[in-house]
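For the sequence shown, full-length UniProt numbering gives the first residue as 1, with consecutive numbering after it.
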Amino acid sequence: MSPENLCGSAATHVWTRTVQCSSSHLSGRGRAHHRSHASRNARGARVNSIVTTAGGYFTSEEIDQALAKHKPVLFFLTHGESSTGVVHPLDGIGDICHKHNCLFLVDCVASMGGAPLYMDKQGIDILYSGSQKVLNAPPGTAPISFSERACQKVFNRKTKPVSFFLDMTWLANYWGCDGKPTRIYHHTAPVSAFYSLRESLAILAEQGLENSWQRHKEVAQYFHEGLEKMGLKLFVKDKNARLPTVTTIVAPPGYDWKEITSYIMKNHNLEISGGLGPSVGQVLRVGLMGGNSSKASVDMVLEALRDALRYCHKSKV
Ligand SMILES: Cc1ncc(COP(=O)(O)O)c(C=O)c1O
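Here you go:
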């Protein structure tokens, strides 16, 4: 069975439901982690978590020890953790997983196209993303890719998946990547959404993947410098672990973060979010990705923040 690439006819969440083996080990303390954990628990999978501080990431030693302790069949990590603004280092983790006879599953929903990622070189077995982030395509389609090792696991499982819609053997056949001569109807796919996804991928390919990574990096650095010049603090201390697509800013002391985000929405028509999961109440989150990853967009956001900090109530205590 050759490695397989296909696309789901649903939001990215469909893949956290699909990639379920009998036991899993989840990590990457963030929103994606919590959703995946909840999803797997709901499907009866045995789930163990490792937790690190919000805004931080796991060392290879911590992962190695956790895999030795729990002996999972699958290790899940979010590459671009959009709730904390961390881009998790991936080098070496695939090898650690394989040493423990475990598959390596990565969520790159918020990072694909915006931060360097090498599925084969980094030993990733299952990698999924979404159409609606860096690709700027409409939401509702979710690309996924399986390594040879993952294909073997999926196609040789002894029990049937509980979901027909999410059965990879059917989906692989439907997408014509199971090597069989005949394709069988599985569902009616959102064809127009797939065309828009294809076009957004073509635009990214025209720009060049490395150029896109570089642009996101430079724009994020420009943004971070602008924030620090205004006296704001970045939530992720390690500069190299800052996700170029989603910036987390420490909620400005003395302010009500909700007043800031509402003010900016009302007066500047820009959506800045608060924290999610482990970062609730602690941060403001700004997503600048794909077409929005530009210095002009950064200037707009900085101006909106400057204005909000001038007009929103600041407690003197
Ligand atoms: C890192 C990450 N994973 C998963 C998701 C979920 O994607 P979807 O809403 O398409 O299910 C998001 C959404 O923002 C995300 O940022």
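Positions of the beta carbon are idealized from the N, C-alpha and C atoms, including for glycine.
Per DSSP, the bridge partner or partners of residue i
i      : result
Ile249 : Leu234 and Leu284
Val219 : DSSP lists no partner for Val219.
Ala142 : Gly8
Asn136 : According to DSSP, Asn136 bridges with nothing at all.
Val87  : Gly80
Tyr128 : Asp107 and Ile144
Ser273 : Arg285
Contact test: residue i Cβ vs ligand 1 heavy atom, cutoff 8 Å
i           : result
residue 319 : In the structure displayed, the chain extends from 1 to 317; residue 319 sits before or after that span and is not available.
His13       : yes
Val109      : yes
Pro139      : yes
Thr18       : no
Gly130      : yes
Thr59       : no
Ala54       : no
Lys153      : no
Thr78       : yes
Lys258      : no
Lys133      : yes
Ala189      : no
Arg142      : According to the sequence displayed, residue 142 carries Ala and not Arg. Checking the Cβ of Ala142 against ligand 1 gives yes.
Sequence-distant residues of the same chain with beta carbon closer than 6 Å to residue i, five excluded per side
i      : result
Ser297 : Leu288
Asp307 : none
Leu197 : Ser131, Ala137 and Thr141
Ile272 : Thr261, Ile264, Leu284 and Val286
Cys7   : Thr141 and Pro143
His268 : Ala304
Nearest-angstrom Cα separation, counted from residue j out to residue i
i      : j      : result
Phe223 : Ile184 : 49 Å
Phe165 : Arg17  : 11 Å
Trp15  : Tyr128 : 7 Å
Ala202 : Met112 : 14 Å
Trp170 : Val73  : 22 Å
Gly28  : Val86  : Here Gly28 scores only 43 on pLDDT, less than 50, and its place in the model is too uncertain to base an answer on.
Arg89  : Gln207 : For the sequence presented, residue 89 should be read as Pro rather than Arg. Each residue's Cα considered, the two are about 25 Å apart.
Val246 : His216 : 10 Å
Gln221 : Val109 : 21 Å
Cys177 : Ser147 : 13 Å
Asp167 : Ala137 : 25 Å
Leu305 : Ser200 : 30 Å
Met300 : Thr261 : 14 Å
Thr12  : Val317 : 43 Å
Ser145 : Tyr311 : 48 Å
Ala251 : Leu117 : 30 Å
Ile63  : Asn156 : 27 Å
Glu61  : Lys237 : 20 Å
His70  : Val280 : 29 Å
Trp257 : Lys314 : 11 Å
Lys158 : Phe104 : 20 Å
Asp120 : Leu232 : 38 Å
Own chain residues within Cβ distance below 7 Å of residue i, not counting five before or after
i      : result
His186 : Trp170, Leu171 and Tyr174
- beta strand (DSSP E) segments (min. 3 residues) lying fully within the stretch 140-205: Annotation: the stretch 140-205 contains the following complete segments of the beta strand (DSSP E) (minimum length 3 residues), in chain order: 142-146.
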